[in-house]
Every structure is written in C-alpha cells, then in structure tokens.
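When we follow UniProt numbering, the leftmost residue of the sequence shown carries the number 1, and every step to the right adds one.
Where a beta carbon is used, it is the ideal one built from N, C-alpha and C, also for glycine.
Being a predicted model, the structure only gives us computed values, none of them experimental.
Inspection log for the structure reproduced underneath, given as structure tokens.
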Amino acid sequence: MFIGDLEKIVNLLLSLCSRLMRIDRSLLVSLQDSLLHKRSVVLRQTDDAQELKENLERRQRLVHGILTGYLTEPQLQDFRSFVSTKPSLLVRQRHLDNLIRQGEEQLTRLADSLPQELMSSQTLLAKMLGDMWTFKCLNAP
C-alpha cells in the first residue's frame, strides 16, 4: 500500500510538473487569461501534491519503524534502497515516455509535411521502422 501510494504521488508530481511546463510554453506564445487560470490551478494542485508527498514521507518513517521490529538489517537496507530508487525510476520512465511522445509528434509533423507522392514510400518506411523496432524489442536481452 505504501509503495503504491509512493508511485501514485511521484507520478502525480511528474504529471503536474509536465502540465505546468506545457502551460508555461503556451504562455510564452500567447498570454491568455485561460492559460493563466490553468497555470494557477496546476500550481495549487502542485502545492497539494507536495503536501501529499510530505505526508507520505511521514508514513514512510512510520512504516520503517514498524518494519524494524520484523526485518533484519539487510532486509531493511533493501527496503530503504527500494523506496529511494523507485521515484528516480519513475522519473526516468516519464522522461523516456516524453521523449517517445516527442519523437512520435515529430514523425507525424514530418509525415504531414511530405509531398503527396512520397506518402506511399512514407507508409512503407513507417512500416519498416515499426518492424525494426518490434524486432529489436523482442530480441532485447
């Protein structure tokens, strides 16, 4: 339960920060009242999520105290290591997901900008790239 909450809160903070960055980028292009409102809402939500994180850290100390009575020191060290590593792995996963999404958006924009006569070769290229990616993923160690 604690680990699930840890994952949810880290994902919430990552999502809110990502939304905040997108809104900030949009604000640079056009200062609209609705974007300013959205930004203030996301900032409040980020503050709330930060408070949730602080509560979770207090729970972590309680859980650790309880586990101290049941686990050996190496097991406690594994627990501490897992709890400290989990958020960084979630951050890396989110970063990779964002890079994949950006790459897909770039491919879509590139495909949209190609002349019509290249569309059939573009479809073939996309299929080849997709097949190569699938092959690489299936044969990864």
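Boundaries (first-last residue) of the alpha helix (DSSP H) holding THR85 = 73–113
Burial state of ILE23, where buried means 16 or more other Cβ atoms lie within 10 Å = buried
Residue closest to ASN11, alpha-carbon to alpha-carbon, out of GLN93, LEU99 and LEU107 = Scanning GLN93, LEU99 and LEU107 for the CA closest to the CA of ASN11 turns up GLN93.
Cβ contact check for the region 38–47 and the region 3–19: 3 or more pairs under 8 Å | yes
When burial is assigned at 16 or more other CB atoms within 10 Å of the CB, is LEU62 buried or exposed?
-> exposed
Taking the Cβ atom as the reference point for each residue, do LEU16 and LEU27 lie within a distance shorter than 8 Å?
-> Contact: no.
Residue ranges of each alpha helix (DSSP H) run of no fewer than 4 residues wholly in the region 16–78, ordered along the chain?
-> 33–68
By how many angstroms is the C-alpha of GLY69 removed from the C-alpha of PHE82?
-> The alpha-carbon atoms of PHE82 and GLY69 are separated by roughly 19 Å.
Between the CA atoms of SER40 and SER88 - distance to the nearest angstrom = 27 Å
Would you report the Cα separation of ARG80 and ASN55, rounded to the nearest angstrom?
-> 17 Å
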